[in-house]
Amino acid sequence: MPKDCKDNNGHLRCDACDYQKLKKLENNPDVRELRDKIEQMNIRLSECRTENQMLKRSLYLAKQMVYKEVGETSGDFKTLLKHGEESGFRVERRTRTENVLVLRKKVQDLQDYLRKLEGHEPDRCKAQKTPSEEFVKKRIPEERKAYWRMELERRIARENAEKEITPIAKECSELRKKIVAEKAQFRDLNNELNLLRAEYQSQVLKSEEDMGLIQSFETLQTQLQETLKERAEIREELAGYRERNRRLEGEISTTKDELQMLYNRAKDNNILIDSLTNKHKQIQEAIESEKSIVRQNVDRYRNELQDMRENYEEDLKLLDTLQKITYERNSFIDKLNEDIIEGIEIVVEEPEVIEKPPEIVPAEESQPPADETSKKGKKPPKKGKDKPKKGEELKQEELPTPLEEVKEEIDTKALESNSKILQMMIECAKYKTLLDAARVENDRLTYITSLQEKQMNDVATQVVETGRIIMQKDAEKKDLSDKIQKLQKSIAQKKKKLNVFVQAKNELEELAIKVEAQREENDFLRSFLNSAVENKFEEFDLYRTFVTETREFFVNTLQEIKDTLKQKEESLEEKNVPEPSAEEGAAEA
3 MPKDCKDNNG HLRCDACDYQ KLKKLENNPD VRELRDKIEQ MNIRLSECRT
53 ENQMLKRSLY LAKQMVYKEV GETSGDFKTL LKHGEESGFR VERRTRTENV
103 LVLRKKVQDL QDYLRKLEGH EPDRCKAQKT PSEEFVKKRI PEERKAYWRM
153 ELERRIAREN AEKEITPIAK ECSELRKKIV AEKAQFRDLN NELNLLRAEY
203 QSQVLKSEED MGLIQSFETL QTQLQETLKE RAEIREELAG YRERNRRLEG
253 EISTTKDELQ MLYNRAKDNN ILIDSLTNKH KQIQEAIESE KSIVRQNVDR
303 YRNELQDMRE NYEEDLKLLD TLQKITYERN SFIDKLNEDI IEGIEIVVEE
353 PEVIEKPPEI VPAEESQPPA DETSKKGKKP PKKGKDKPKK GEELKQEELP
403 TPLEEVKEEI DTKALESNSK ILQMMIECAK YKTLLDAARV ENDRLTYITS
453 LQEKQMNDVA TQVVETGRII MQKDAEKKDL SDKIQKLQKS IAQKKKKLNV
503 FVQAKNELEE LAIKVEAQRE ENDFLRSFLN SAVENKFEEF DLYRTFVTET
553 REFFVNTLQE IKDTLKQKEE SLEEKNVPEP SAEEGAAEA
């Protein structure tokens, strides 16, 4: 509020008083005289300015006339006036006029010369010479009269100009003095005007301040009326507020109980959250341990696969060597069989030669085969000749004993080699099946590890999003708390007398807001933990199913390998019961 300003009489200042003072100042005769003087001085100044401009114009014209007469435009007018009184100036002036006359004569000579060139005859009255002739001072007296006439005219004009310039110069000096005086008066009047303007501005500012005071007084009156009305309304509302306060006390007690319950629930929820976080950590540790186990198994399977590949390559090399050995053995057995058969034939033929005379040929050798006899057209031998004797039969029965022994040895060797080859083939098939199973398991493990990595990445992104959402919630909480504080301050400033009710209400609102925020946080964390636990249980179920499937796969493969081995052993036993011949063993090898 501005301070109250008072006059000398003791009453408050206002715009009406200032307006009356301004009217009095305007009606004052001194002020009117000063205003009239200022107007007259302004008129006089404008007239002096016009006269000064006219005099400047006339001076300029006079200077131009003098410059034309003298012939010098660059010098100052004052120097010309000084030089005009001296004798040297006259001498220079004479020489200048002489030069003018000489130049005129030269021009005339040039004109006559041009006329001669064009074919015109010059005037006889005027005796002129060629332009090559130099002008001499002897010809100057011919033009002396014209020169002195011009000199007299110049002097007369100069004297007349001096006579005309002297009063003009006096008038100029007087006018300059008057202008200086007028300027001094004008400055004084300007100073007086500035003082009057300053006083007028001060009066205007005072009037504005007074108007502001009046407006502020009016606003105060309106505010007082409004405050009176508000007080009446507040008194009416206080009765209602007292009844409401009684009701609110009961509500506050109930809300306090509810808040205590909510606080206890929040504690329980925090305990649950801590337990769930611990479970989550345990689950993560279990997952990491399972991951490490899976990685170890994968490494172990890779090493086993590498060993199996190396063993498989070595077995393939061994198989190649065994095939070569069996091939060589079979060829060697064939050769042995041939050699044995040839040796038996030789052994059989030698005793016949000893017993029989050389003339008699044995029936078996002399008798050609049936096909040859049929081809040659000979008759088959008689039945009586085909029957051998008793001694020969006994010899033949005693001779084939070493051949049978050799055949039995060959058959046993062939069976042993066949059994070894079958065992090698079975082992190779077993290694192949194990290799295929390991490859399948490796593919499935890589697929499951990729799935687990994706799920872990999803969980990490969810955790980051939850952290970001929690940060947003915290920022919103801070904003709400700041707004609540601002509202509390504004309410406390506006309504100090109703502090009890407002504080209770604000506390209830704050508590309600905090409870809602805590509920939202608890619900969000509960949902997040439930989703995380469900995802982890799904991962464990997937891992269990994978482990069971791999176990079943390995068990089935081992069972199939055992069944195949049993079948092959049974087939070998069945084959070993009837003893095969040497040729069959060689063919099987």
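3 is the number of the first residue of the sequence shown in our numbering; add one for each residue after it.
Note that the Cβ used here is the ideal one computed from N, Cα and C, for glycine as well.
Counting pairs of beta carbons, one from the stretch 318-334 and one from the stretch 418-428, are three or more of them closer than 8 Å?
Judged by Cβ distances under 8 Å, the stretch 318-334 makes contact with the stretch 418-428, as three or more pairs qualify.
How would you label Lys539, buried or exposed, when you count the other beta carbons within 10 angstroms and need 16 or more for buried?
Residue 539 is actually Phe in this sequence, not Lys. Phe539 comes out exposed.
Taking just the CA atoms, how far does Ile515 sit from Lys485?
When rounded, the distance between both Cα atoms is 12 Å.
Do Val517 and Lys250 have their beta-carbon atoms positioned less than 8 Å apart in this structure?
What sits at residue 250 in the sequence shown is Leu, not Lys. Not in contact: Leu250 and Val517 (Cβ atoms no closer than 8 Å).
Give a yes or no on whether the C-beta atoms belonging to Thr552 and Glu443 are separated by under 8 Å.
Yes, Cβ-Cβ distance for Thr552 and Glu443 is below 8 Å.
Which class does Gly121 belong to by DSSP, given the choice of helix, strand or coil?
If DSSP states are grouped into helix, strand and coil, Gly121 belongs with coil.
Does Asn266 come out as helix, strand or coil in the three-state DSSP assignment?
Asn266 falls in the helix class under three-state DSSP.
Using the rule of at least 16 other Cβ atoms within 10 Å of the residue's Cβ for burial, across every protein chain shown, is Phe334 buried or exposed?
It is exposed - the Cβ of Phe334 has fewer than 16 other Cβ atoms within 10 Å.
Distance, Cα to Cα, Arg304 vs Asn339?
Each residue's Cα considered, the two are about 50 Å apart.
Exposed or buried, what is Glu367 when buried is set at 16 or more other beta-carbons lying within 10 Å of its beta-carbon?
With a pLDDT of 38 at Glu367, under the threshold of 50, the modelled position of this residue cannot be trusted; read the value that follows with caution. By the 10 Å Cβ count, Glu367 comes out exposed.
What three-state label does DSSP hand Asn332 in the structure shown?
Reduced to three states, the DSSP call for Asn332 is helix.
Using 8 Å as the threshold, is the C-beta distance between Cys174 and Leu57 below it?
Cβ distance < 8 Å, so Cys174 and Leu57 count as in contact.
Going straight from the alpha carbon of Gly121 to that of Tyr149, what length do you get?
Cα to Cα, Gly121 sits roughly 33 Å from Tyr149.
Could you check what DSSP says for Asn30 in three-state terms: helix, strand or coil?
It is coil, neither helix nor strand.
Going by CA-CA distance only, name the one from Leu417, Ile295 and Thr566 that's closest to Leu447.
The option with the nearest alpha carbon to Leu447 is Ile295.
Looking at C-alpha atoms only, which residue of Ile471, Leu116 and Lys258 is the closest neighbour of Glu511?
Of Ile471, Leu116 and Lys258, the residue nearest in Cα terms is Lys258.
Let me make sure I understand the geometry here. Which of Glu554, Glu575 and Arg528 has the alpha-carbon closest to that of Asp276?
Of Glu554, Glu575 and Arg528, the residue nearest in Cα terms is Arg528.
Check whether the Cβ atoms of Met43 and Phe188 lie closer than 8 Å to each other.
Cβ distance < 8 Å, so Met43 and Phe188 count as in contact.
Just to confirm, is the Cβ distance from Ile513 to Leu261 under 8 Å?
Checking the sequence shown, residue 513 turns out to be Leu, not Ile. Going by C-beta atoms, Leu513 is nearer than 8 Å to Leu261.
Mind checking whether Arg531 and His282 have CB atoms under 8 Å apart?
For the record, residue 531 in the displayed sequence is Leu; it is not Arg. Yes, they are a contact pair.
What number of angstroms, rounded off, separates the C-alpha of Leu240 from the C-alpha of Gln225?
If you take the alpha carbons of Leu240 and Gln225, they lie about 21 Å apart.
Do you know offhand how far Asn459's Cα is from Arg441's?
Their backbone Cα atoms lie some 27 Å apart in a straight line.
Keeping to the same chain, check which residues put their C-beta closer than 6 Å to that of Thr132; ignore five residues upstream and five downstream.
Residue placement at Thr132 is poorly supported in this model, since its pLDDT is 45, which falls under 50; the coordinates still yield a value, given next. If we look at Thr132 and ignore the five residues flanking it on each side, it has no Cβ neighbours.
Are the beta-carbon atoms belonging to Ile428 and Lys564 less than 8 Å from one another?
In this structure, Lys564 does not lie closer than 8 Å to Ile428 by Cβ.
Measure the CB-CB distance between Asn271 and Asn524 and report whether it falls below 8 Å.
In contact: Asn271 and Asn524 (Cβ atoms closer than 8 Å).
Going by CA-CA distance only, name the one from Ile285, Ile254, Glu166 and Ala159 that's closest to Glu536.
For Glu536, the nearest C-alpha among the options comes from Ile285.
Asn54 and Ile181 look like a contact to me (Cβ under 8 Å); what is the Cβ gap, rounded to whole Å?
The pair is a contact, with the Cβ atoms about 7 Å apart (cut-off 8 Å).
When you compare only the Cα positions, how much space is there between Arg51 and Leu177?
Cα to Cα, the separation comes out at about 10 Å.
Would you mind sorting Asp32 into buried or exposed? The rule is 16 or more other CB atoms within 10 Å of its CB.
Result: exposed.
Just tell me which of Phe555, Lys491, Ile472 and Glu315 has its CA closest to the CA of Ala439.
Checking every option, the nearest Cα to that of Ala439 belongs to Phe555.
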